[in-house]
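Since the structure comes first, as structure tokens, the remarks are kept for the end.
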Amino acid sequence: MIRTLIFGAIAGYVGKKLYDQGKLTEFKNDLTARYNQAKADIATQRADEPTSSTVPATTAAPVSPTVS
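Here the sequence shown is numbered in UniProt numbering, starting from 1 and rising by one per residue.
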């Protein structure tokens, strides 16, 4: 437990330093740009897929609730 507290304090200190230097903002902007690009790529892939009624739908067996 003491190790966890010490590690948390060190992580908080380093995180505060990075935040104050503005490096976390760069990371957030990069992460947001990558997410939006991936989202756009998936949207174009879905738009390009042909819609076919011959593709079988997967059906799962209904799950009945158990009473204890």
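We put the CB at the ideal spot given by N, CA and C, even for glycine.
Just so we're clear, the structure is a prediction, and the values are computed from it rather than from any experiment.
Using three-state DSSP, classify residue 22 as helix, strand or coil.
-> coil
Tell me, to the nearest whole angstrom, how far the beta carbon of residue 31 is from that of residue 24; I am working on the premise that it is less than 8 angstroms.
-> At roughly 10 angstroms, the Cβ-Cβ gap does not stay under 8 angstroms, so residue 31 and residue 24 are not in contact.
What separation, rounded to the nearest whole angstrom, lies between the Cα atoms of residue 2 and residue 12?
-> 15 angstroms
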